[in-house]
Amino acid sequence: MIGDDIEIQFLHSPNEEDARRKWTERSRRLPENDAQLYVEIRDRDGFEARHLRAFAALPFKNKVAFLKRGRFDVVACPWAVEIDCPGGFVPDGVSLWEQTKALPHFDPEAWIRPTQGCSSN
Numbered sequence: 688m689i690g691d692d693i694e695i696q697f698l699h700s701p702n703e704e705d706a707r708r709k710w711t712e713r714s715r716r717l718p719e720n721d722a723q724l725y726v727e728i729r730d731r732d733g734f735e736a737r738h739l740r741a742f743a744a745l746p747f748k749n750k751v752a753f754l755k756r757g758r759f760d761v762v763a764c765p766w767a768v769e770i771d772c773p774g775g776f777v778p779d780g781v782s783l784w785e786q787t788k789a790l791p792h793f794d795p796e797a798w799i800r801p802t803q804g805c806s807s808n
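Numbering (the numbering used here), first residue to last: 688 to 808.
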């Protein structure tokens, strides 16, 4: 637990000591300026509209939500990228990467390129 309200799970750590060590190492690599953070979420693993609302409230400039087309009302979410896909949610990993590279309205490589000004749309 971090404070009283944030839980980070290290599924591949054998014990709490290893998880703390990994968290300490990884957190040192985070940029000091939040404008240099890139945050993404996918509509998988129990994702609901409340998660989308919470994501919308995050203050990060560089955020993107990958969502199955038509699953949520995204009119007020300029950082939402809708994907045409079978099933109830977007694919994970390599499949999602390949699909986003083919989209005419979103270029994932440009989104993460630091010289681009960092906008999802």
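For each residue, glycine too, the CB sits at the ideal point set by N, CA and C. Small disclaimer: the values here were computed from a predicted structure and weren't measured.
- Here aspartate 730 is buried: its Cβ has 16 or more other Cβ atoms, across all protein chains shown, within 10 Å.
- Among the bridge pairs identified by DSSP, arginine 729 is matched with Phe753.
- In its chain, beyond the 5 residues on either side, Leu754 and Arg756 have a beta carbon closer than 6 angstroms to the beta carbon of glutamate 769.
- The beta carbons of threonine 787 and proline 795 sit closer together than 7 angstroms.
- Shown here, alanine 789 sits in coil according to DSSP, grouped into three states, outside any helix or strand.
- Under the three-state reduction of DSSP, valine 781 is assigned to helix.
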